[in-house]
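Asker:
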Amino acid sequence: MGTKCIGVDLGGTTTKFGLLDREGQVEDKWEIPTRKEDAGSHILSDIAESILKKLKDKGIDKEDIIGVGVGVPGPVGNDGKLTKCVNLGWFEPFYPEKTLSEMLGGIPVKAGNDANVAALGELWKGGGAGYKNAVFFTLGTGVGGGVVVDGRMIAGSFGMGGEVGHITVNPHEPDACNCGNHGCLEQYASATGIVKQAQRALAKSDRPSVLRDMDGFTCKDVLDAAKDGDALAAESVEGSMRYLALVMSFASHITDPEVFIIGGGVSKAGVYLTDMLKRLYAGYIYVSDPQAEVALASLGNDAGMYGAARLVL
361 MGTKCIGVDL GGTTTKFGLL DREGQVEDKW EIPTRKEDAG SHILSDIAES
411 ILKKLKDKGI DKEDIIGVGV GVPGPVGNDG KLTKCVNLGW FEPFYPEKTL
461 SEMLGGIPVK AGNDANVAAL GELWKGGGAG YKNAVFFTLG TGVGGGVVVD
511 GRMIAGSFGM GGEVGHITVN PHEPDACNCG NHGCLEQYAS ATGIVKQAQR
561 ALAKSDRPSV LRDMDGFTCK DVLDAAKDGD ALAAESVEGS MRYLALVMSF
611 ASHITDPEVF IIGGGVSKAG VYLTDMLKRL YAGYIYVSDP QAEVALASLG
661 NDAGMYGAAR LVL
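Just so we're on the same page, the working numbering is the position in the sequence shown counted from 1, plus 360.
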């Protein structure tokens, strides 16, 4: 019986690896560039080559590996089929688990959507440790998410479980989301969304704000201004987070999580953000008692690696 596993976080620029024991203790970490040329045809072979080299260098037999978990930036169904992954140049459906397992000489492989896998990692070793039911939001350039119920990641029939960023929260939004829809959560609660909403607030009012004196302000600038008492910035951030709190209430009525875990660059606003979300969320929830906790993610860039490893344990 194997005693170790490998977690792989496949990103558009870098692929990160972790060698862990059954208890989740990391024995080694490394990374390689993600080669997306030639329609991403080198990616899986590069992963296999890197893993096999690491096992050889450390004197580990393949039989000692329980399995390899992989988080990929695309929807993965319960049958292991990856529908597509445009960021990697994979536009046709295929089964990465089967392909990679064959390249690894039969080592079992389990794949999952990267945001879902990160949620699993946080629930195992991060901000959600000790909970079995959680919803994870990663607030970065976009909004990703993951849903874990009774300790198991929910991918759904077609791998779309946890795609919270594209829930419609404002059907009257005039601008289109990157997905083509109008009024997605991502248009408000992402880092880019927070900036855009602040720009709109400035354009609609002549109220004073430190943001007016900035040329090309960032999400961090908006959040810092809000925390420092800038009323316009604070109202703008609250408007964006109100949409996130609304989606949190949707999730509570569907999966009844114990905790919401907030990660991504926006989460660096810390307790300012979580306190605001708790207050706004409470305004939408009336039947849940006690109410779910709101916690910050703590694993950073390692969440995907931990979660991928957890897939095979």
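For each residue, glycine too, the CB sits at the ideal point set by N, CA and C. Only a predicted model underlies this, so the values are computations on that prediction, with no experimental measurement involved.
1. Are the beta-carbon atoms of leucine 415 and isoleucine 426 separated by less than 9 Å?
2. Whose C-beta lies closer than 7 Å to the C-beta of glutamate 457 among residues of the same chain, with five residues either side of it excluded?
3. Leaving out five residues before and five after serine 405 in sequence, what residues of the same chain have Cβ atoms less than 8 Å from its Cβ?
4. Along the chain, which unbroken stretches of the beta strand (DSSP E) at least 3 residues long are found entirely within the region 481-510?
5. Using CA atoms only, rank isn't needed, just tell me which of Tyr666, Phe610, Leu659, Gly664 is closest to valine 647.
6. Given that a residue counts as buried once 16 or more other Cβ atoms are within 10 Å of its Cβ, and exposed if not, what is glycine 367?
7. Would you list the one or two residues that DSSP bridges to proline 393?
8. Just to confirm, are glycine 486 and alanine 663 a CB contact at a threshold of 9 Å?
9. Thinking C-alpha only, which one of Leu633, Ile621, Arg639, Leu379 is nearest leucine 659?
10. Am I right that glycine 543 and valine 529 are in contact with their C-beta atoms under 8 Å? What's the rounded C-beta distance?
11. DSSP on isoleucine 527, reduced to helix/strand/coil?
12. Starting from lysine 418 and walking both ways along the alpha helix (DSSP H), at which residues does that stretch end?
13. Kindly indicate the opening and closing residues of the beta strand (DSSP E) around phenylalanine 620.
14. Start and end of the alpha helix (DSSP H) containing glutamate 595?
15. Does the region 628-644 come into contact with the region 590-604, if we say contact requires no fewer than three beta-carbon pairs (one atom in each stretch) closer than 8 Å?
16. In or out: threonine 394 buried (at least 16 other Cβ within 10 Å) or exposed?
17. Looking at C-alpha atoms only, which residue of Val631, Arg602, Val654 is the closest neighbour of glycine 643?
18. Quick one, which of Asp588, Ile392, Gly589 has its alpha-carbon nearest threonine 373's?
19. Spatial neighbours of leucine 673 within its chain, please: C-beta separation below 7 Å, excluding the five flanking residues on both sides.
20. To the nearest whole angstrom, what separates the beta carbons of arginine 670 and tryptophan 484, a pair I think is in contact under 8 Å?
21. For threonine 552, I'd like the list of residues in its chain whose CB is within less than 7 Å of its CB, leaving aside the five on either flank, ordered along the chain.
Answerer: Taking the coordinates as given:
1. Mapped onto the sequence shown, residue 415 falls at position 55. Mapped onto the sequence shown, residue 426 falls at position 66. Cβ distance not < 9 Å, so leucine 415 and isoleucine 426 don't count as in contact.
2. As a first step, residue 457 must be located in the sequence shown, where it is residue number 97. Contacts found: Gly440, Val469, Lys470, Ala471.
3. For the purposes of this step, residue 405 is taken as the residue at position 45 of the sequence shown. Here the set comprises Met463.
4. 494-499, 503-509
5. For the purposes of this step, residue 647 is identified with residue 287 of the sequence shown, where counting begins at 1. Nearest C-alpha to valine 647: Phe610.
6. As a working mapping, residue 367 is identified with position 7 in the sequence shown. Flag for glycine 367 reads buried.
7. Within the sequence shown, the letter at position 33 stands for residue 393. DSSP, once it has assigned bridges, lists Thr374 as partnering proline 393.
8. Mapped onto the sequence shown, residue 486 falls at position 126. Mapped onto the sequence shown, residue 663 falls at position 303. The answer is yes: Cβ separation under 9 Å.
9. Residue numbering aside, residue 659 sits at position 299 when the sequence shown is read from its first letter. Minimum Cα distance to leucine 659 is reached at Ile621.
10. Mapped onto the sequence shown, residue 543 falls at position 183. Mapped onto the sequence shown, residue 529 falls at position 169. With a Cβ gap of about 6 Å, glycine 543 and valine 529 count as contacting.
11. Here residue 527 refers to the residue found at position 167 of the sequence shown. Correct three-state label for isoleucine 527: coil.
12. In the sequence shown, residue 418 corresponds to position 58, counting from 1. Here the alpha helix (DSSP H) through lysine 418 covers 403-418.
13. Position 260 of the sequence shown, counted from the start, is the residue given in the question as residue 620. Unbroken beta strand (DSSP E) run through phenylalanine 620: 619-623.
14. Within the sequence shown, numbered from 1, the residue matching residue 595 stands at position 235. Unbroken alpha helix (DSSP H) run through glutamate 595: 591-615.
15. Counting Cβ pairs under 8 Å, three or more are found: they touch.
16. Along the sequence shown, one-based indexing puts residue 394 at 34. Buried: at least 16 other Cβ atoms inside 10 Å.
17. As a working note, residue 643 is residue 283 in the sequence shown. Of the candidates Val631, Arg602, Val654, the one whose C-alpha sits nearest the C-alpha of glycine 643 is Arg602.
18. In the sequence shown, residue 373 corresponds to position 13, counting from 1. For threonine 373, the nearest C-alpha among the options comes from Ile392.
19. In the sequence shown, residue 673 corresponds to position 313, counting from 1. Cys365, Arg382, Ile426.
20. Reading the sequence shown from its first residue, position 310 is the one you call residue 670. Reading the sequence shown from its first residue, position 124 is the one you call residue 484. Indeed, because the Cβ distance is near 5 Å, the residues count as touching under 8 Å.
21. In the sequence shown, residue 552 corresponds to position 192, counting from 1. Correct list, in chain order: Thr501.
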